[in-house]
Amino acid sequence: MAFPKGILANLLHIFEMIEEFGPALGNPYTKTLGNGLFEIRAKGKEGIGRSLFCTIKGKKVIILHSFIKKSQKISQNELQLARKRLKEVNK
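For this note's numbering, add 13 to where a residue sits in the sequence shown, where the first one is 1.
Structural data, given as structure tokens:
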């Protein structure tokens with residue numbers, strides 16, 4: 014899936030900040046979801062995008078799942094998919 018241009022531009026900006034300052038930037042950019050899972054919160058005029066990610070040895074960022082947010086909370090399906098992929102990364 015490709016993000017709309019506005020959301021993608023914001024997402025890339027947040028990636029640059031994560032590279033410089035680490036994954037726990039806090040609101041409004043990132044949120045810790047627990048057990049090594051983080052959420053990137055990217056807004057654009059087209060809507061709100063989310064990327065769920067983890068880090069390896071605190072340096073490498075691995076995007077586990079990205080989607081356009083359609084409701085107030087992240088759906089359980091989105092979280093389950095990211096957590097499944099997180100387990101695969103941690104093997």
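Every residue gets a Cβ at the ideal spot worked out from N, C-alpha and C, and that includes glycine.
Quick one: grab the DSSP three-state call for residue 15.
coil
For residue 34, count the other beta carbons within 10 Å of its own beta carbon; 16 or more makes it buried, fewer makes it exposed. Which is it?
exposed
Suppose the cutoff is 8 Å on Cβ atoms and the five residues either side in sequence are ignored; what does the same chain contact list for residue 20 look like?
55, 56, 57, 59, 60, 61, 62, 81
Rounded to a whole number of angstroms, what is the C-alpha to C-alpha distance between residue 84 and residue 70?
32 Å
Shortest alpha-carbon distance to residue 49 belongs to which of 40, 76, 23?
76
Need the endpoints of the alpha helix (DSSP H) that residue 100 sits in, please.
89–102
Let's see if you can read the secondary structure: which residues bound the beta strand (DSSP E) around residue 55?
50–57
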